[in-house]
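Engineer: Protein chains in written order, with our numbering: chain A, 1 to 359; chain B, 360 to 416.
Before we start, here is the structure in question, set down as C-alpha cells.
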C-alpha cells in the first residue's frame, strides 16, 4: 500500500478537528461516508478517530489509516512516521470513576467486539483514581477539556503496555451526565458543538504523547432519555450503553508510530512519512491547526471545504495559504480523482481558455 | 502533572513557518502543549487568537 512502484501511491489526509462544531463530522460518526468515499479514490487515506468513530458504528477499509490527533500532528511535522500493521493487541483502560454496572457494560462490549470481529485485546486495567474529567466551552465556541488526574491515566496505560503487552490503548472515562444542558440538547438536534470532544482529545493526546502508541477514547455516560427529534447525524450515539466498539475497531489496525518510545526500542522499519502526502482536506474555516500549518509549508496540496462550517474563523486566504477551496466533499472527491489521474481540474469546465505567452 | 486550558494573543508573522515558531514560543511560556489551534484572526490588528491545553509538572 505504501511501497513505491511505477505509480507512487496517492495519499490523502482528511482532517475534521473534533469539538469545533463542524457541520459535517462534528457529530456522531457523520463523516464516515466522506472517509469511505475518499478512500475509494486514493491509495491511502489517513484520518483520525473523530472522523471514523460512530459509537457502536464505524467505517473501516484496508486503505484507511486510523491515526490519533496528537500523532497526526507529529506526522504532519515530519517528526513521526506511520507503520501500517495487520493487527494490534489493544489494552482497555477503564476510569475508576465508572459505576460498577456501567463498567460491566463496557467489558461486555469489549468481549462482543472480540467475539464478532476478532479484535485482539489484552486483559483490562482500571485507573487507580477517578480521572475526574472537566468540560469547557471557550469563547471561540470550541470544546476543550481537562482532567484532574492525568498521572493516574498514564499509570494505567503504562501498566497495560508493560504488564499486558498492549500495543494500542482504548480509554473509557466517566464523563459528566448533563442530560438537560442546552448544549447537549442542541447537539442531539444536530446543532452546536460536541461538548465532550475537547476532553476526549486531551485524554488520547496525553497517552500518545507519553507512550508513542495508538490511543483513542470513548466516554462512559448513562443512556439518555428518548428524544423524538433526534438528528440523524447524532443518532449513532444513542444506540446503546457504550461508544467503545468503534474505538476498538479503529485501534485494531491503527498504524504504529515510527519514533523513539520510552518503553520500546527505536523502530527503523520504513513506513509512511509526511512528504508522501499528496493532499490534505480540511474545513475552510479550520486552517489554524498544527497539522494544516505544517502541511502548508510543504509540497502537499491544501484542499478546503467551504460547506463544512465550524466555530473556527481561520481561512486559508487570511494566512496566505495556497489552497484549492471547494464547496463540497463531492467536489473534493472529484478533484482528487482527477489529480490522481493526472488531469488538471481546470480542464473539467466548458469555458476552457487558451494558453497565453508568459509576459 | 496538571492540565490547563489557556488563551493567548499572538502577532501575525510574515510566513507560516515563522507563525508556527511564534505559536510554539508562546505556548512554552505556559507549559508543554498538548493541543492547540488558532481560532480567529483580527486582520486590522494583525493578531491571532490562540487556544490550547497545556500540561505542567
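Each residue gets a CB set at the ideal place from its N, CA and C atoms; glycine is no exception.
Because the structure is a prediction, the values reported are computed rather than measured.
Would you tell me roughly how many angstroms separate the C-alpha atoms of residue 144 of chain A and residue 204 of chain A, rounded to the nearest one?
Structural biologist: Rounded to whole angstroms, residue 144 of chain A to residue 204 of chain A spans 13 Å at the Cα level.
Engineer: At which residue ranges does the region 213-275 of chain A contain complete alpha helix (DSSP H) runs of 4 or more residues, listed in the order of the chain?
Structural biologist: Entirely contained in the region 213-275 of chain A, the alpha helix (DSSP H) runs reaching 4 residues are, in chain order, 244-252.
Engineer: Please say whether residue 175 of chain A and residue 133 of chain A have beta carbons closer to each other than 8 Å?
Structural biologist: Against a cut-off of 8 Å, the Cβ pair of residue 175 of chain A and residue 133 of chain A comes out as a contact.
Engineer: Check whether the Cβ of residue 368 of chain B lies closer than 8 Å to any Cβ atom in chain A.
Structural biologist: It does not; no Cβ of chain A falls within 8 Å.
Engineer: Tell me whether residue 140 of chain A sits in a helix, a strand or coil according to DSSP, three-state version.
Structural biologist: Coil, per DSSP.
Engineer: Kindly list, in the order they appear in chain B, the residues whose Cβ is closer than 7 Å to that of residue 201 of chain A.
Structural biologist: The answer, in chain order, is 394.
Engineer: Under 8 Å between C-beta atoms, does residue 313 of chain A make it to chain B?
Structural biologist: So, interface residue.
Engineer: Which chain E residues are close to residue 414 of chain B, counting only those with a beta carbon under 8 Å from its beta carbon?
Structural biologist: Absent here is chain E; the protein component of the structure consists of chains A and B.
Engineer: Can you find at least 3 beta carbon pairs, one from the region 69-76 of chain A and one from the region 208-218 of chain A, that sit closer than 8 Å?
Structural biologist: Touching, yes, given that three or more Cβ pairs across the two stretches are closer than 8 Å.
Engineer: Is the Cβ-Cβ distance between residue 285 of chain A and residue 315 of chain A less than 8 Å?
Structural biologist: In this structure, residue 315 of chain A lies closer than 8 Å to residue 285 of chain A by Cβ.
Engineer: Could you work out which residue in A:311, A:354 and A:272 is closest to residue 79 of chain A when comparing CA atoms only?
Structural biologist: Per the Cα distances, A:272.
Engineer: In this structure, how does DSSP classify residue 111 of chain A when only helix, strand and coil are distinguished?
Structural biologist: In this structure, residue 111 of chain A counts as helix in the three-state DSSP scheme.
Engineer: Can you tell me which of the three DSSP states residue 31 of chain A falls into?
Structural biologist: Of the three classes helix, strand and coil, the one that applies to residue 31 of chain A here is coil, per DSSP.
Engineer: Could you tell me the distance, in whole angstroms, from the CA atom of residue 268 of chain A to the CA atom of residue 82 of chain A?
Structural biologist: Caution applies to residue 268 of chain A, whose pLDDT of 48 falls short of 50 and renders its modelled position unreliable; the value that the coordinates give is listed next. Computed Cα separation, rounded: 11 Å.
Engineer: Quick one: what's got a C-beta closer than 6 Å to residue 202 of chain A's C-beta in the same chain, skipping five residues either side?
Structural biologist: For residue 202 of chain A, where only same-chain residues beyond five positions count, the Cβ hits under 6 Å are 145.
Engineer: From the beta carbon of residue 348 of chain A, is the nearest beta carbon of chain B less than 8 Å away?
Structural biologist: Residue 348 of chain A does not count as touching chain B.
Engineer: Spell out the partners DSSP gives residue 395 of chain B in its beta bridges.
Structural biologist: DSSP, once it has assigned bridges, lists B:411 as partnering residue 395 of chain B.
Engineer: Among the candidates A:86, A:85, A:108 and A:87, whose CA atom is the shortest distance from the CA of residue 94 of chain A?
Structural biologist: For the residues A:86, A:85, A:108 and A:87, the minimum Cα distance to residue 94 of chain A belongs to A:108.
Engineer: Comparing the C-beta of residue 266 of chain A with each C-beta of chain B, is any distance below 8 Å?
Structural biologist: Note that residue 266 of chain A scores a pLDDT of 47, beneath 50, so its modelled location is shaky; the value from the coordinates is reported in the next line. For residue 266 of chain A, the answer is no, since every Cβ of chain B falls outside 8 Å of its Cβ.
Engineer: How about residue 290 of chain A: is its C-beta nearer than 8 Å to some C-beta of chain B?
Structural biologist: True, the Cβ-Cβ gap to chain B drops below 8 Å.
Engineer: From the DSSP output, which residues share a beta bridge with residue 58 of chain A?
Structural biologist: Answer by DSSP bridge pairing, in chain order: A:53.
Engineer: Are there 16 or more other CB atoms within 10 angstroms of the CB of residue 113 of chain A, so buried, or fewer, so exposed?
Structural biologist: The residue in question, residue 113 of chain A, is buried, as its Cβ has 16 or more Cβ neighbours within 10 Å.
Engineer: Quick one: using the 10 Å Cβ neighbour count with 16 as the cut-off for buried, is residue 3 of chain A buried or exposed?
Structural biologist: Its pLDDT being 49, under 50, residue 3 of chain A is placed unreliably by the model, and nothing is read from it.
Engineer: By how many angstroms is the C-alpha of residue 86 of chain A removed from the C-alpha of residue 249 of chain A?
Structural biologist: Their backbone Cα atoms lie some 12 Å apart in a straight line.
Engineer: Name the residues in the region 80-91 of chain A whose C-beta lies less than 8 Å from a C-beta of chain B; which are they?
Structural biologist: Cβ contacts with chain B: none found.
Engineer: Indicate whether at least one CB of chain A lies closer than 8 Å to the CB of residue 387 of chain B.
Structural biologist: No, residue 387 of chain B does not count as interfacial toward chain A.
Engineer: Would residue 398 of chain B and residue 361 of chain B qualify as a contact pair, given that the criterion is a beta-carbon distance under 8 Å?
Structural biologist: No, they are not a contact pair.
Engineer: Just the Cα atoms here: how many angstroms apart are residue 345 of chain A and residue 332 of chain A?
Structural biologist: Rounded to whole angstroms, residue 345 of chain A to residue 332 of chain A spans 11 Å at the Cα level.
Engineer: Measure how close the beta-carbons of residue 328 of chain A and residue 305 of chain A come, nearest whole angstrom, since I'm counting them as under 8 Å.
Structural biologist: Going by Cβ atoms, the distance from residue 328 of chain A to residue 305 of chain A rounds to 7 Å, so yes, they are a contact pair.
Engineer: State whether the region 60-68 of chain A contacts the region 34-41 of chain A, with contact taken as three or more CB pairs (one from each stretch) at a distance under 8 Å.
Structural biologist: Touching, yes.
Engineer: My assumption, with CB atoms under 8 Å, is that residue 19 of chain A sits in contact with residue 142 of chain A. Please give the rounded CB distance.
Structural biologist: 6 Å between Cβ atoms; contact.
Engineer: How should residue 53 of chain A be labelled, buried or exposed, when 16 other C-beta atoms within 10 angstroms of its C-beta is the threshold for buried?
Structural biologist: It is buried - the Cβ of residue 53 of chain A has at least 16 other Cβ atoms within 10 Å.
Engineer: At the level of alpha carbons, what is the spacing between residue 311 of chain B and residue 365 of chain B?
Structural biologist: Here chain B has residues from 360 to 416 only, and residue 311 of chain B is not among them.
Engineer: Residue 213 of chain A and residue 168 of chain A: beta carbons closer than 8 Å?
Structural biologist: It is a contact, given that the beta carbons lie within the stated cut-off.
Engineer: Which of the three DSSP states is assigned to residue 16 of chain A in this structure?
Structural biologist: In the structure shown, residue 16 of chain A sits in coil (DSSP, three-state: anything other than H, G, I, E or B).
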